[in-house]
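Asks:
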Amino acid sequence: MADVWKPDEDDVVDLSQIGALGWLRFALRAIPIVVLILICLTALLLLRLIERPLFGLGRPITPFITQFVCRNAFRIMGMRFSVKGTQMTHPGAVVANHSSWLDIFALNAAKRVYFVSKSEVANWPGIGVLAKATGTVFIERNPRKAKAQKEVFEARLKAGHKLLFFPEGTSTDGLRVLPFKSTLFAAFFAQDLKEILWVQPVTVNYYAPDAEEKRFYGWWGEMGFFPHLVKTLAVRKAGRVEVVYHIPLRVSQADNRKSMALECERAVQRGHHFDSKDI
Numbered sequence: 001m002a003d004v005w006k007p008d009e010d011d012v013v014d015l016s017q018i019g020a021l022g023w024l025r026f027a028l029r030a031i032p033i034v035v036l037i038l039i040c041l042t043a044l045l046l047l048r049l050i051e052r053p054l055f056g057l058g059r060p061i062t063p064f065i066t067q068f069v070c071r072n073a074f075r076i077m078g079m080r081f082s083v084k085g086t087q088m089t090h091p092g093a094v095v096a097n098h099s100s101w102l103d104i105f106a107l108n109a110a111k112r113v114y115f116v117s118k119s120e121v122a123n124w125p126g127i128g129v130l131a132k133a134t135g136t137v138f139i140e141r142n143p144r145k146a147k148a149q150k151e152v153f154e155a156r157l158k159a160g161h162k163l164l165f166f167p168e169g170t171s172t173d174g175l176r177v178l179p180f181k182s183t184l185f186a187a188f189f190a191q192d193l194k195e196i197l198w199v200q201p202v203t204v205n206y207y208a209p210d211a212e213e214k215r216f217y218g219w220w221g222e223m224g225f226f227p228h229l230v231k232t233l234a235v236r237k238a239g240r241v242e243v244v245y246h247i248p249l250r251v252s253q254a255d256n257r258k259s260m261a262l263e264c265e266r267a268v269q270r271g272h273h274f275d276s277k278d279i
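Right under this line is the structure:
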């Protein structure tokens, strides 16, 4: 595992290499995905008008819409999607490595979860609306708000939500797993939660299309979202993504948040299909 990794300067997607057929493939995939998202987002928002007053924080219906969208987005992309391992049924959270915006689709397609994201995402055009609608928890890197954010975590966990976050703190080129930061693990050790919560480590593996570099699906550094989206959808034959579920870890059996973060990191690393010789 690479303990230290800084994104190199090769983080620019050259759209001049796409070609006319590539742009046509992009349009033929992008348009159906946008239509799918808009139709299902409308249905989700209408259902939330009923769901919210009846169930409060509970969302017994709308997560299925999110899962439907993500699974069918992969079908439209022509990207094969597979799952290994057993998803936990215990109350708790999921942690995963972070390689791309595609992680959102992959992890939602595999399991009904609620993402934890940096607060800036709430203001991103389009993506912010989708994140809010699907119940994303937004956090700020502000020590003064740590207590309030911890309380939000606890409320969502008590409501039975499977919270999912990326402990690496940034996305990578998909060739490595960075050291896990332990900050967000602290909420699991609340006195009235640690005896009932579990954390499941998950590895997301991307396999590049034929003849493309191994980090084809990686989205890192200053790489723009739109160019990466175009590259992903314009490829002649898409690659595949694999979601690997590892054995859940019981919070009460961990010494502290740091030991829990390290154990999760090691599990995710073991499931990662690249190793040091590939980097």
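The numbers in the UniProt record's numbering rise by one with no breaks, and the one at position 235 of the sequence shown is 235. Just so you know, even glycine gets a beta-carbon here, dropped at the ideal spot from N, CA and C. Quantities reported herein were computed from a predicted structural model and do not represent experimental measurements.
Please state whether DSSP places residue 209 in a helix, a strand or coil.
Replies: Sequence index remark: in the sequence shown, residue 209 carries index 209 (1-based). Note: residue 209 maps to coil in three-state DSSP.
Asks: Grab the span of the beta strand (DSSP E) containing residue 95 for me, first residue to last.
Replies: Walking along the sequence shown from the start, residue 95 turns up at place 95. Note, residue 95: beta strand (DSSP E), 92-96.
Asks: Going by Cα to Cα distance, which pick from 143, 244, 228 and 52 is closest to residue 107?
Replies: Here the question's residue 107 lines up with position 107 in the sequence shown. It is 244.
Asks: Assign residue 139 to one of three DSSP states: helix, strand, or coil.
Replies: For this step, residue 139 is matched to residue 139 along the sequence shown. Reduced to three states, the DSSP call for residue 139 is strand.
Asks: For residue 175, which of helix, strand or coil comes out of DSSP?
Replies: Position 175 of the sequence shown, counted from the start, is the residue given in the question as residue 175. Coil.
Asks: State the Cα-Cα distance for the pair residue 278 and residue 52, rounded to the nearest angstrom.
Replies: Your numbering for residue 278 matches position 278 in the sequence shown. Your numbering for residue 52 matches position 52 in the sequence shown. With a pLDDT of 48 at residue 278, under the threshold of 50, the modelled position of this residue cannot be trusted, and the question is left open.
Asks: Just tell me which of 101, 105 and 39 has its CA closest to the CA of residue 218.
Replies: As a working note, residue 218 is residue 218 in the sequence shown. Ranking 101, 105 and 39 by Cα distance to residue 218 puts 101 first.
Asks: Grab the span of the alpha helix (DSSP H) containing residue 152 for me, first residue to last.
Replies: The count along the sequence shown starts at 1 and reaches residue 152 at position 152. It spans 146-158 - the alpha helix (DSSP H) in which residue 152 sits, taken as one unbroken run.
Asks: Rounded to whole angstroms, how far is the Cβ of residue 171 from the Cβ of residue 99, which I believe are closer than 8 Å?
Replies: Position 171 of the sequence shown, counted from the start, is the residue given in the question as residue 171. Position 99 of the sequence shown, counted from the start, is the residue given in the question as residue 99. With 8 Å as the limit, residue 171 and residue 99 qualify as a contact, their Cβ atoms being about 6 Å apart.
Asks: With distances taken between CB atoms, is the gap from residue 248 to residue 200 smaller than 7 Å?
Replies: For the purposes of this step, residue 248 is taken as the residue at position 248 of the sequence shown. For the purposes of this step, residue 200 is taken as the residue at position 200 of the sequence shown. In contact: residue 248 and residue 200 (Cβ atoms closer than 7 Å).
Asks: Under 8 Å Cβ to Cβ from residue 123, same chain only, skipping five residues before and after it: list those, please.
Replies: Taking the first residue of the sequence shown as 1, we reach residue 123 at position 123. Excluding sequence neighbours, residue 123 sits near nothing in its chain.
Asks: Quick one: Cα of residue 88 to Cα of residue 20, how far?
Replies: Taking the sequence shown and counting its residues from 1, the one referred to as residue 88 is at position 88. Taking the sequence shown and counting its residues from 1, the one referred to as residue 20 is at position 20. So the alpha carbons of these two residues sit roughly 45 Å apart.
Asks: With distances taken Cα to Cα, identify the nearest neighbour of residue 163 among 48, 58, 24 and 45.
Replies: In the sequence shown, the residue the question calls residue 163 occupies position 163. If we check each option's Cα against that of residue 163, 58 comes out closest.
Asks: Does the stretch 183-197 touch the stretch 150-158, meaning 3 or more C-beta pairs lie closer than 8 Å?
Replies: In short, these stretches touch, since the Cβ pair count reaches three.
Asks: Is it buried or exposed for residue 56, if we count other Cβ within 10 angstroms and need 16 for buried?
Replies: Against the sequence shown, residue 56 aligns to sequence position 56. By the 10 Å Cβ count, residue 56 comes out exposed.
Asks: Skipping 5 residues on each side, what residues in its chain have a beta carbon closer than 7 Å to that of residue 128?
Replies: In the sequence shown, counting from the first residue as 1, residue 128 sits at position 128. Excluding positions up to five away in sequence, the list reads 121 and 122.
Asks: I believe residue 36 touches residue 69 by the beta-carbon criterion, under 8 Å. Please report the beta-carbon distance rounded to the nearest angstrom.
Replies: Residue numbering aside, residue 36 sits at position 36 when the sequence shown is read from its first letter. Residue numbering aside, residue 69 sits at position 69 when the sequence shown is read from its first letter. Yes, they are in contact, since the Cβ atoms of residue 36 and residue 69 sit about 6 Å apart, within 8 Å.
Asks: Helix, strand or coil for residue 81? Go by DSSP, reduced to three states.
Replies: If you number the sequence shown from 1, residue 81 lands on position 81. In this structure, residue 81 counts as strand in the three-state DSSP scheme.
Asks: Could you name the residues that DSSP lists as bridge partners for residue 200?
Replies: Indexing the sequence shown from 1 puts residue 200 at position 200. For residue 200, which the question treats as bridged, DSSP gives the partners 94.
Asks: For residue 165, list the residues DSSP reports as bridge partners.
Replies: On the sequence shown, residue 165 is found 165 positions in, with the first residue counted as 1. Partner(s): 95.
Asks: My output table needs one value for residue 17: the three-state DSSP class, helix, strand or coil.
Replies: Indexing the sequence shown from 1 puts residue 17 at position 17. Helix at residue 17.
Asks: Can you tell me whether residue 115 is helix, strand or coil according to DSSP?
Replies: Residue 115 sits at position 115 when you count from the first residue of the sequence shown. Strand at residue 115.
Asks: Would you call residue 234 buried or exposed, if buried means 16 or more other Cβ atoms sit within 10 Å of its Cβ?
Replies: In the sequence shown, the residue the question calls residue 234 occupies position 234. Flag for residue 234 reads buried.
Asks: Work out the CA separation of residue 146 and residue 196 for me, nearest whole Å.
Replies: Within the sequence shown, residue 196 is the residue found at index 196, counting from 1. Within the sequence shown, residue 146 is the residue found at index 146, counting from 1. Cα to Cα, residue 196 sits roughly 22 Å from residue 146.
Asks: Which residues in the same chain as residue 76 place their Cβ atom closer than 6 Å to its Cβ, once the five residues preceding and following it in sequence are excluded?
Replies: Residue mapping note: residue 76 aligns to position 76 of the sequence shown, counting from 1. Excluding sequence neighbours, residue 76 sits near 29, 32 and 33.
Asks: Start and end of the beta strand (DSSP E) containing residue 242?
Replies: On the sequence shown, position 242 is the one that residue 242 refers to. Start and end: 240-245.
Asks: Quick one: measure Cβ to Cβ for residue 203 and residue 272, integer angstroms, because I've assumed they're closer than 8 Å.
Replies: Here residue 203 corresponds to residue number 203 of the sequence shown, with the count starting at 1. Here residue 272 corresponds to residue number 272 of the sequence shown, with the count starting at 1. Indeed, because the Cβ distance is near 5 Å, the residues count as touching under 8 Å.
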